[in-house]
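Below: one structure, written as structure tokens.
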Amino acid sequence: MFEIGNSLREARVRQQLDWPQIELATKIRAKYLRALEDEQFGVLPAQPYVKGFLRTYAEYLGLDGQLYVDEYSSRNVGGDAFDEPVPRRSPRVHQDRGIERKVLLLTLAGIAALTALVIVAWKFGGGDSGTPAVVTQRQTPVAPVVARGLKLTGVSPGTYVEVRRGSPTGSVLLQATLQAGKVERVDGARFWLFVRKPSAIRVSLDGKSVSLPAHRNLKVIVTPTRTSRVGY
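Plus 3 on top of the position in the sequence shown (first one is 1) and you've got my numbering.
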């Protein structure tokens, strides 16, 4: 057993994160974040929200979200008090089958009538050639799919790259020497990066290009809202 609130608070203070920044990144209101750190779980709307907010906040801080959810669940053995049994309804088998038959017959009759109309229109419709008119359907353009997460692409021979979850002490997600043309992808939203030669790679997050300072042995925190240099 460990203290959920103190652990979250220590991680936030260690990374020097402020409430507006966390609220913007996690989409969780600051008063609920404070309630998690104070372990005032009754302030949150419902017990399922506590678990979801705990996981999101912990993972944003570079911690193991599932560990915090399990610890919270172990303190609330009774389960979710907000889950209510769904009332069972008595089936009306014979009545439903009769309705299904009627719907099926009406559907078949409609298809037959429509088919007959199409044949008649094709035989006796306008045009000397007897060729039915072709209706061109306008296709709706499909929006391009944007790849989520961090993408690193090598653009010149060899540079060492290290990626961690959220902070310098977060879990290691990638350790590699990125050659030209090689692409690495890492899922997530907040990363700590160490790049030996920043000019040797291109970085993007959620499809948006990330600009890296031109300093050797660069250490930065990358999030969807900003890129900040650390440890220099």
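Positions of the beta carbon are idealized from the N, C-alpha and C atoms, including for glycine.
Pull up the distance between the alpha-carbon of residue i and that of residue j, whole angstroms please.
i	j	result
S174	E103	56 Å
H218	P201	7 Å
L36	L215	31 Å
L177	L196	10 Å
E40	R188	32 Å
V72	G161	41 Å
A192	I25	12 Å
Going by the beta-carbon positions, is the gap between residue i and residue j smaller than 8 Å?
i	j	result
G68	E62	yes
V164	R205	no
A150	L66	no
V198	T156	no
K222	R232	yes
Here's the rule I'm using: 16 or more other beta-carbon atoms within 10 Å means buried, otherwise exposed. How should residue i be labelled?
i	result
I114	exposed
L153	buried
Q43	exposed
P227	exposed
T29	buried
For residue i, which of the options has the nearest alpha-carbon?
i	options	result
V166	V158, T180, P160, L70	T180
S76	R58, Q19, G65	R58
L11	V123, E74, L120, T156	E74
G169	R199, I224, A203	I224
G45	N79, V198, L155	N79
G8	I31, K30, A38	A38
- Task: List in chain order: all unbroken beta strand (DSSP E) runs of 3+ residues lying wholly within the region 143-190.
- Result: Note on the region 143-190: whole beta strand (DSSP E) runs with a minimum of 3 residues are 153-157, 162-168, 175-181, 186-189, in chain order.
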